[in-house]
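In the numbering used here, the protein residues as written are 444 to 645.
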């Protein structure tokens, strides 16, 4: 019985994080209250503190959960790709129309970047580019060369190009222009990725 209770608690916690991740990305962190969030998960407001010490804890853990989900999605997406196509696949999938149109299910940094920048240092630390699973995946799939620091920096800049392009695509009201932005952004990100390295491979 005790084991079932622990499993149930873990499942409940994950359900809260899943609902919070979607609503935060779709509506914004500040716009989502604890009470409606718990209702989404089929729970009462009073049960919140059985799982989280504070709303700030919920925010930090939700953002980390969302980041991990994004990493897992892209890791699966490239699992069967040839090595020389993995980075291109990551970039193209990130800039697909479905990612543009479904903010609640996509990358939390693209949906919530300015809000995350206003969070505590402890929360931001979990989501700095060097700690993002997606950026690490980009790093792993850059062309050979560069030392560890240069590869990490370049992956962050590639991600920045993807991120900025996606945000512009979401603002754009003309689907044809948004598609052209996606194409140009993809090409730019891949050019950055393939630029000569300053340092030899480690």
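For every residue, glycine included, the Cβ atom is placed at its ideal position computed from N, Cα and C.
List the endpoints of the continuous alpha helix (DSSP H) containing residue i.
i, result
"residue 602", "591 to 614"
"residue 631", "618 to 636"
"residue 544", "540 to 544"
"residue 517", "498 to 521"
"residue 578", "576 to 583"
"residue 399", "Residue coverage of the chain in this structure runs from 444 to 645, which leaves residue 399 outside it and unanswerable."
"residue 551", "551 to 560"
"residue 568", "564 to 569"
Use the C-beta contact count for residue i: other C-beta atoms within 10 angstroms, 16 or more gives buried, fewer gives exposed.
i, result
"residue 604", "buried"
"residue 574", "exposed"
"residue 563", "exposed"
"residue 557", "exposed"
"residue 510", "buried"
Using alpha carbons as the reference points, say which of the options lies closest to residue i.
i, options, result
"residue 518", "581, 497 and 463", "581"
"residue 577", "552, 559, 589 and 526", "552"
"residue 466", "538, 479 and 616", "479"
"residue 485", "506, 474, 631 and 463", "463"
"residue 631", "597, 615 and 614", "597"
"residue 489", "477, 587, 451 and 500", "477"
"residue 448", "595, 554 and 493", "493"
"residue 491", "455, 570 and 549", "455"
"residue 624", "504, 535, 635 and 600", "535"
"residue 642", "609, 589 and 514", "589"
"residue 657", "572, 457, 459 and 616", "A query on residue 657 cannot be resolved here, the shown segment of the chain reaching from 444 to 645 and no further."
"residue 560", "587, 503 and 640", "503"
Whole runs of the alpha helix (DSSP H) within the region 452 to 478, excluding any shorter than 4 residues: none
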